[in-house]
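Student: Quick one: this structure, given as structure tokens, is what I'll be asking you about.
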Amino acid sequence: MSRKYECLVCGRIFPEGQGIKLNLAGREVYFHSKRCALKFFKSLVLYIDQKVLEQAVKSTVKEYEEKLKEIHEKTRKSLERIQ
Ligand SMILES: [Zn+2]
């Protein structure tokens, strides 16, 4: 028998290998779907200190902006190669 987990948000039971399993600050949390995980993260954000959150948002946005820049750069280069 495989292990069963309970979704922290909606209580749905799901088998190991399905759903989302995360280790957050040393605590394991389980979600049966991305939707439930997103719900959890939306609440989590509200509990985070505003100053800490501000810095975290800044770093995360920066990380993805840099990734996007790379993607755009690659697209531009491959377009140049075609011409
Ligand atoms: Zn759920």
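Sequence positions in the sequence shown follow the numbering used here and run 233 to 315.
Just so you know, even glycine gets a beta-carbon here, dropped at the ideal spot from N, CA and C.
As the structure is a computational prediction, the values presented were derived from the model and not from experiment.
Kindly indicate if chain C contains any beta-carbon less than 8 Å away from that of K236.
Tutor: The structure shown contains no chain C; it holds only a single protein chain.
Student: Between the beta-carbon of L240 and the beta-carbon of F273, is there less than 8 Å?
Tutor: Residue numbering aside, residue 240 sits at position 8 when the sequence shown is read from its first letter. Residue numbering aside, residue 273 sits at position 41 when the sequence shown is read from its first letter. Against a cut-off of 8 Å, the Cβ pair of F273 and L240 comes out as no contact.
Student: Check whether the region 275-283 and the region 258-267 touch, using three or more Cβ-Cβ pairs below 8 Å as the test.
Tutor: no
Student: V289 to K301, Cα distance in whole Å?
Tutor: For this step, residue 289 is matched to residue 57 along the sequence shown. For this step, residue 301 is matched to residue 69 along the sequence shown. For V289 and K301, the distance between alpha carbons rounds to 18 Å.
Student: Tell me the residue span of the beta strand (DSSP E) that contains I245.
Tutor: Taking the first residue of the sequence shown as position 1, residue 245 is located at position 13. Looking at the DSSP string, the run of the beta strand (DSSP E) that includes I245 is I245 to P247.
Student: Can you pull every residue whose C-beta falls closer than 5 Å to some heavy atom of ligand 1, listed in chain order?
Tutor: The filter returns C239, V241, C242, R244, H264 and C268, in chain order.
Student: Straight-line CA distance for Y297 to T307?
Tutor: In the sequence shown, counting from the first residue as 1, residue 297 sits at position 65. In the sequence shown, counting from the first residue as 1, residue 307 sits at position 75. Residue identity differs from the one stated: residue 297 is Glu in this sequence, not Tyr. Straight-line Cα distance between these residues: approximately 15 Å.
Student: Drop a sphere of 10 angstroms on the beta-carbon of A257, count the other beta-carbons inside from all chains shown, and report buried for 16 or more, exposed for fewer.
Tutor: Position 25 of the sequence shown holds residue 257. A257 comes out exposed.
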